[in-house]
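Heads up, the thing below is written out as structure tokens.
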Amino acid sequence: RSSSEIAPAVPEFAADPVPRIWNEEVRVPASPAIDPEGPFTIEEVPLPLPNPWNRNVRPSDFDFFPDGRLALVTFDGDVWT
């Protein structure tokens, strides 16, 4: 038996992003902020259901771009921006 490396621990990713698989856009209405002067800003953004691809959207994480746009990642590996 050997404990030699059979593959890199972290694969090298392409420097250029891959082309989109689905080019259609889905827009959802966002509710305006509730009490924007309060200690917290709360906005409700509904999940994109239904959608043209019949994807079940099960959020697992989210983050914001510097320009304020949201990126949502799902358990299935989809990334919604």
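Here the sequence shown is numbered in our numbering, starting from 7 and rising by one per residue. All residues carry an ideal CB built from backbone N, CA and C; glycine is no exception.
- [ ] Return the bridge partner residues of A77 from the DSSP annotation.
- [x] D69
Open item on the list: Judging by CA-CA distance, which residue of R75, V51, E31, P25 is the nearest neighbour of N57?
Closed with: E31
- [ ] With a threshold of 16 other CB atoms inside 10 Å of the CB of D73, please say whether the residue is buried or exposed.
- [x] exposed
TODO: Return helix, strand or coil for V34, following the three-state DSSP convention.
DONE: coil
TODO: Consult DSSP for I40 and reduce its assignment to one of helix, strand or coil.
DONE: strand
TODO: Return helix, strand or coil for I27, following the three-state DSSP convention.
DONE: coil
Open item on the list: Is it buried or exposed, D84, if we count other Cβ atoms within 10 angstroms and call 16 or more buried?
Closed with: buried
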